[in-house]
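Structure record follows, encoded as structure tokens.
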Amino acid sequence: MKLDLTMNDRHNLRFQSVYSGLVPQIARLVPFNDSEVTCILLIYYKYSLQNGPSARRITSTQLVNIVIGFQQLYDMDVVDRIVTLIAGGRKHVTPLEFVHYMTILMSRDMERKMEFAYMVYDKNGMGINREIISSSVERFFPGDDDEVLEMRLDMVEFLLLKFDEDQDGIVSFEEYRSIVLQQPSLLEFLGPIFPSNETRLVVAYCTAIYS
1 MKLDLTMNDR HNLRFQSVYS GLVPQIARLV PFNDSEVTCI LLIYYKYSLQ
51 NGPSARRITS TQLVNIVIGF QQLYDMDVVD RIVTLIAGGR KHVTPLEFVH
101 YMTILMSRDM ERKMEFAYMV YDKNGMGINR EIISSSVERF FPGDDDEVLE
151 MRLDMVEFLL LKFDEDQDGI VSFEEYRSIV LQQPSLLEFL GPIFPSNETR
201 LVVAYCTAIY S
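Quick note: the sequence shown uses full-length UniProt numbering, first residue 1, plus one each step.
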């Protein structure tokens, strides 16, 4: 029986041969059932075919394009950071890593989303400091006239005052989490990371994810 009618018999058989054993293993680690994991891996497999008929993995460059397309996200600093977190800086993305990416993409779990968002913002792994906030705010207020520069400075000070509860110049995860739990709209306070609900529903429909 064909799993995917858009693929020929050879590709359907090869998918089942290579990935069928992974499905139950991965399903035990993620909030998707076997059918959903299979559908996600079919997408992964189709991307891998672009790398040659015998390829088994997709590249990090392909994941960049997937992030842009799936999430409608065009801030390349954020896109690159997401791909680095998923693939660990390697050139290829494993099937499990791709399913993990889809888990984050589709998650409604605020704790999971906060953890991932903070890691995206915390580029150096040392906390969100003034430099990181300033760099993000600069994208909110483009330009170099005096009024824009003053608005940037005011916004940086406002965000530090809001999030840096102990005033040590670093927004820790605990501080970030505390504020976001009080005001969930501040989850992405340094710029978009997650897709809109509308985009998420489209991705869910196209990938047959119902969880």
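Virtual Cβ for every residue (Gly too), placed ideally from N, Cα, C. On a predicted model such as this, the values are computed, not experimentally measured, just so you know.
Status (buried if at least 16 other CB within 10 Å, exposed otherwise) for residue i
i	result
Asp198	What sits at residue 198 in the sequence shown is Glu, not Asp. Flag for Glu198 reads exposed.
Gln71	buried
Leu190	buried
Tyr205	exposed
Glu175	buried
Asp146	exposed
Thr61	exposed
Phe140	exposed
residue 212	Residue 212 lies beyond the range of the chain shown here (1 to 211); nothing can be said about it.
Thr6	exposed
Val148	exposed
Ser17	exposed
Glu36	buried
Glu97	buried
Phe196	What sits at residue 196 in the sequence shown is Ser, not Phe. By the neighbour-count rule (16 or more Cβ atoms within 10 Å), Ser196 is not buried but exposed.
Leu63	buried
Met102	buried
Asp144	exposed
Met76	exposed
Coarse secondary structure for residue i, derived from DSSP in three states
i	result
Asn129	strand
Thr59	strand
Val93	strand
Gly52	coil
Ser196	coil
Arg108	coil
Asp78	The amino acid occupying residue 78 in the given sequence is Val; Asp does not appear at that position. DSSP places Val78 in helix when its eight states are reduced to three.
Gln183	coil
Val67	helix
Glu188	coil
Asn12	helix
Leu201	helix
Val30	coil
Lys46	helix
Lys123	coil
Phe141	coil
Ile41	Before going on, a small fix: residue 41 reads as Leu here, not Ile. Leu41: helix per DSSP, three-state reduction.
DSSP bridge partner residues for residue i (one or two, in chain order)
i	result
Ile170	Asn129
Thr103	Paired residue(s): none; Thr103 is not in a bridge.
Cβ-Cβ separation, residue j to residue i (assumed contact under 8 Å), whole Å
i	j	result
Val171	Asp164	5 Å
Glu138	Arg152	6 Å
Val120	Ile58	With 8 Å as the limit, Val120 and Ile58 do not qualify as a contact, their Cβ atoms being about 21 Å apart.
Pro95	Tyr19	7 Å
Val67	Ile43	With 8 Å as the limit, Val67 and Ile43 do not qualify as a contact, their Cβ atoms being about 13 Å apart.
Thr207	Ile40	6 Å
Leu159	Ile179	With 8 Å as the limit, Leu159 and Ile179 do not qualify as a contact, their Cβ atoms being about 10 Å apart.
Val93	Ile26	That belief does not hold up - the Cβ atoms of Val93 and Ile26 are roughly 14 Å apart, past 8 Å.
Segment limits, alpha helix (DSSP H) that includes residue i
i	result
Gln25	22 to 27
Met7	Segment: none, Met7 is in no alpha helix (DSSP H) and carries neither H nor E.
Val156	146 to 163
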